[in-house]
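**Student:** Per this note's numbering, residue -5 is the first one in the sequence shown, and the count goes up by one each step.
Built from N, CA and C at the ideal position, the CB exists for glycine as well.
Being a predicted model, the structure only gives us computed values, none of them experimental.
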Amino acid sequence: MATMVRRLRDALGAALLALCLFGCVHAPARNPLAQWVPSPNSGPREPVLVVIHGTAQDSVQQSLETLRGSNSGGPVSAHYLIGRDGKLFQLVAESERAWHAGEGSWGTISDVNSASIGIELDNDGYEQFSDAQIQALLVLLDDVCRRRNIPRSRVIGHSDLAPSRKRDPGPQFPWQRLAQAGFGLWPAADRGEPPAAFDGYLALKALGYPMQDRDAAVRAFHLHYRGLESDQAMLDAEDLRLLHALTRD
Ligand SMILES: [Zn+2]
């Protein structure tokens, strides 16, 4: 009898330990300091932005390990990872905050991780993105934007929100193709000339670029809208035409 009681006690202890291991990772939903008087008028906080990344690694396997572990800056993750063959992996639930954006901002959003879905693309940082991978990305973007009610224009690159630190998804990323499918922004072809008083830096800010480092914002704009990666940090006439077309409505 005593053995049976001991076994029962041990089993109960193990069950409690397991519960704690799985249940104590997150802060409790209810604050024990307060009396819980639930209101039905609430819901999960919703992401309002999608951030595209390139892994700058050699394989999906390597990135699956990094995105469940850490890189040189500490623990990292993303909601999704898409292989070169188009295979789609999910690492973090969309309702959870993944650690993909780091320091940066977009418009009024200063904590990008809390406000976004992060999608990593397996890519070494310089190669072309495969058709299968972009097709899979378009299907995923359609799904996420539809379910989450995220405006399709609010799809940006990591380099856009963190221009002084990041270059991914890089100059090879096909932003124009994404825009043709309805995601992100792209200037109209018949854009005309901007007025003489047009301020390109104000236009960059209006798009969402962080402007603490203006040169970096210009370089990020070149990456995204011209596929250019260089040290050029001045807005030229073509930049002004593009920025005017992107912001005139
Ligand atoms: Zn990134």
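Can you check whether the CB of residue 48 is closer than 9 Å to the CB of residue 230?
**Tutor:** no
**Student:** If you scan the region 44 to 132 from start to end, which runs of the beta strand (DSSP E) of 3 or more residues do you find wholly inside it?
**Tutor:** You should have 74 to 76, 82 to 84, 110 to 115.
**Student:** Go through the region 142 to 230 residue by residue and report every complete run of the beta strand (DSSP E) that reaches 3 residues or more, in order.
**Tutor:** 149 to 151
**Student:** Should residue 99 and residue 39 be called a contact, given that it needs their Cβ atoms to be closer than 9 Å?
**Tutor:** no
**Student:** Which one of 117, 200, 155 has the shortest CA to CA distance from residue 166?
**Tutor:** Comparing Cα positions, the closest option is 117.
**Student:** Would you report the Cα separation of residue 245 and residue 104, rounded to the nearest angstrom?
**Tutor:** Examination of residue 245 is not possible in this model, given that the chain is present from -5 through 243 alone.
**Student:** Would you say residue 154 touches ligand 1, meaning its beta carbon is less than 8 Å from a heavy atom?
**Tutor:** no
**Student:** Is residue 48 near ligand 1, with its Cβ less than 8 Å from a heavy atom?
**Tutor:** yes
**Student:** With hydrogens ignored, establish whether the beta-carbon of residue 97 is closer than 8 Å to any heavy atom of ligand 1.
**Tutor:** With a cut-off of 8 Å, the C-beta of residue 97 is classified as distant from ligand 1, since no heavy atom of the ligand falls inside that distance.
**Student:** Indicate, with yes or no, if ligand 1 has a heavy atom lying under 8 Å from the CB of residue 114.
**Tutor:** Yes, Cβ of residue 114 sits closer than 8 Å to a heavy atom of ligand 1.
**Student:** Report all residues from its chain with a CB closer than 8 Å to the CB of residue 212; omit the five preceding and five following residues, and keep chain order.
**Tutor:** 198, 226, 227, 228, 229, 233
**Student:** In whole angstroms, what is the alpha-carbon distance linking residue 144 and residue 61?
**Tutor:** 24 Å
**Student:** Quick check: is any heavy atom of ligand 1 less than 8 Å from the C-beta of residue 199?
**Tutor:** no
**Student:** Under the assumption that residue 82 contacts residue 73 (Cβ atoms under 8 Å), give the Cβ distance between them as a whole number of angstroms.
**Tutor:** Residue 82 to residue 73, Cβ: 11 Å. No contact.
**Student:** How many Å lie between residue 58 and residue 173 at the Cα?
**Tutor:** In a straight line, the C-alpha of residue 58 is about 28 Å away from that of residue 173.
**Student:** Between residue 44 and residue 106, which are expected to be in contact by the criterion C-beta below 8 Å, what is the C-beta distance as a whole number of angstroms?
**Tutor:** With a Cβ gap of about 11 Å, residue 44 and residue 106 do not count as contacting.
**Student:** Report, in whole angstroms, the separation of the C-beta atoms of residue 41 and residue 142, which I expect to be a contact under 8 Å.
**Tutor:** Yes, they are in contact, since the Cβ atoms of residue 41 and residue 142 sit about 6 Å apart, within 8 Å.
**Student:** Can you grab the Cα-Cα spacing for the pair residue 53 / residue 27, in whole Å?
**Tutor:** 48 Å
**Student:** Evaluate residue 154 with the Cβ neighbour count: other Cβ atoms within 10 Å of its Cβ, from every protein chain shown; 16 or more gives buried, anything less gives exposed.
**Tutor:** buried
**Student:** Return the CA-CA distance between residue 55 and residue 182, expressed in angstroms with no decimal places.
**Tutor:** Approximately 39 Å between the Cα atoms of the pair.
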